[in-house]
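Report on one structure; see the data block that follows.
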Amino acid sequence: MQLRRLYLRYYPPGLRLEYVSGRGEIQSKTLDLLHISAESNIQVAVNQLLEKERLLTKALVPKLKELLHRLVDKQLLDASEKDPFKSLTVLRPHQLPTCNMAWSKSASTVATCSYDKTIKILRPMEKNSAMSSIHDEKNTLIGHDGVVYCLAFNRPYATRLLSGSFDKTCRIWDVPGRTTKGVYRGHEGEVVAVAFGPNDDVFGSCSMDCTTILWDVQTETEQFALVGHTAEVSCLAFDSTPRFLATGSCDATVRLWDARSGSCFRSLEGHQSEISNVAFDYHSNLLLSSSTDAACKVWDVRTGKCLFDKRDHQSEVSDATFNATGALFATGGSDGVAFVYDSLTGTRRSVLRGHTKGINKVCFNMQGSQVLTASTDGTARLWNLYSSDCLQVLRGHDDDVFNCAFSYDGRVALTISTDNSLRVWQREID
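Written out as structure tokens, the structure reads:
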């Protein structure tokens, strides 16, 4: 084997190695550096990498030191960022209710979908053109015959957009060309969630018809129909490999599927009401599920055992997610409270109180130091993960804030509301 290229990954910390295999094939692997910090001894860390990975030789020591120093410097920069968010842009792309949004890694491209059956492609960071381009036909994707309910970009490139609609179809769009690349028909009910697989060669869609379908992107054909849930399938998630898919349903169960064969190898039972979200941790060892039964559960993917059953919420758990490394997970509930837990021990780390109504969405920044919550009280709140302090209240929406997101570098935040507005917030970095 021969190393071709060495890449640095900031979040979660790691190195990506591209190499030529013994059979002459170009392959890649990732070395996680989750424990690198400002206190780390760089020389010791380099020595450990040389011992662990035979593709890394002593000739690469200067390069490895440079990359690890850059990684530590980036973490120090992130730790020093205490600048508040300022409102950058307010966009109102649709006349009828807005359903969802998807965003690129840098948040420079945002897609929104609506009851008006259209999708808008927005460039919110381009301050001068943002407002004038909203209703430009070339930035409007038309083709669905019903409400466009869900969206997903291929990551990290955001060159293709996946959409699911109440017209029972999915579409893939070429973002630069603003054209339809494929139409996927097979569901007998409304499509309510979509997601690309980790390699973007397949995607999944779940529907009110109680099924999930895995699709081949290139051939526009159904690979597998995943049948087994007895009620509407509300959410889905791929793991970080092309192996597993998790689905959550209104039948109160979570199912694990082999994405290569379409077979269900585990049904996870224990919730008493519909599943609101499912998520894999970074290593795909753990699966998180949240439910309207006021519980959040962490499952061992390999054994199907419920490791933690968290019942701190007083009412429905509307969302749950892991941080970038999988070391922590957060939940948000209709009781207006968010909790952060340690994934290894299940210990509660933070209690985030301040919203006056329910929380609809909770997300970590990639650096793992802050949490953003979106609420029915019309605000989003930024929280310090370690102190549980509310750092900032993002005000301006006139109705429920139903989704929120950070950009990859944490310097941009997005909020979207039932008042039909998308707000873009940016840190003012000195």
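Per UniProt numbering, residue 1 is the first one in the sequence shown, and the count goes up by one each step. The beta carbon of each residue, even a glycine, is placed where N, CA and C say it ideally should be.
Would you give the residue range spanned by the beta strand (DSSP E) that residue i belongs to?
i	result
E222	221 to 227
T169	169 to 174
A380	380 to 384
K58	Taken as a continuous stretch (DSSP letters only), K58 belongs to no beta strand (DSSP E), as it is neither H nor E.
I36	First-last for I36: undefined, no H or E at that position.
S350	348 to 353
S267	263 to 268
Q370	370 to 375
L391	390 to 394
A320	317 to 322
G333	328 to 333
S234	233 to 238
N360	359 to 364
G164	160 to 165
L141	140 to 142
Taking Cβ positions, are residue i and residue j nearer each other than 8 Å?
i	j	result
P62	D32	no
S249	V233	yes
V192	C150	yes
G189	D209	yes
L141	W173	yes
D200	V217	yes
S273	A320	no
V175	I119	no
L382	L394	yes
D281	F322	yes
S421	V90	yes
L268	V254	yes
A324	F364	yes
P124	T418	no
C113	S163	yes
K305	T331	no
G186	V194	no
Let me check one thing: in DSSP terms, what residues is residue i bridge-paired to?
i	result
K86	Q426
Q2	V20
M101	T112
F402	F402 is not bridged to any residue.
F203	F196, W215
Y408	In the DSSP output, where bridge partners are listed per residue, Y408 has none listed.
V254	G248, L268
G177	Per DSSP, none; premise fails for G177.
N277	S290
Y149	Paired residues: none, contrary to the question.
K310	C296
D342	L328
T30	R16
residue 497	Residue coverage of the chain in this structure runs from 1 to 430, which leaves residue 497 outside it and unanswerable.
T118	I142
R185	T169
V301	Answer is none; V301 lacks a bridge partner.
What residue does the alpha helix (DSSP H) around residue i start on, and which one ends it?
i	result
V46	42 to 52
CB-CB under 7 Å to residue i, same chain, minus the five flanking residues each way: which ones, in chain order?
i	result
L8	L15, L67, R70, L71
T376	K357, G358, N360, D400
Q95	D116
S106	S407, Y408
A380	L372, T373, A374, L394, V401, C404, T415
T230	C210, D251
With respect to 7 Å, is the separation between the Cβ of residue i and the closest non-hydrogen atom of the ligand PLP below this value?
i	result
S40	The ligand PLP is absent from the structure shown, which contains no ligand whatsoever.
So, is residue i buried or exposed, given that buried needs 16 or more other C-beta atoms within 10 angstroms?
i	result
Y157	exposed
M366	buried
S80	Bear in mind that a pLDDT of 46 at S80, under 50, signals an unreliable position, so the model cannot answer this.
G336	buried
S37	exposed
H35	exposed
N100	buried
G182	buried
D251	buried
V362	buried
N41	exposed
T169	buried
R411	buried
M1	exposed
Using a Cβ-Cβ cutoff of less than 6 Å, which residues in the same chain neighbour residue i once the five nearest sequence positions on both sides are dropped?
i	result
A225	T211, I213
S132	Summary for S132: the model assigns pLDDT 49, below 50, so the residue's position carries little reliability, and this model does not support an answer.
L307	V298, D300
L50	L56
G146	S165, F166, D167
H313	A294, G333, D335
E18	R4, R5, S28
Indicate whether at least one CB of chain B lies closer than 8 Å to the CB of residue i.
i	result
T112	In the displayed structure, chain B is absent; only one protein chain is listed.
Which same chain residues, not among the five before or five after residue i, have their C-beta less than 8 Å away from its C-beta?
i	result
S276	S234, C235, G248, S290, S291, T292, E316, V317, S318, D319, A320
L286	F280, V298, W299, D300, V301, L307, F322, G326, S343
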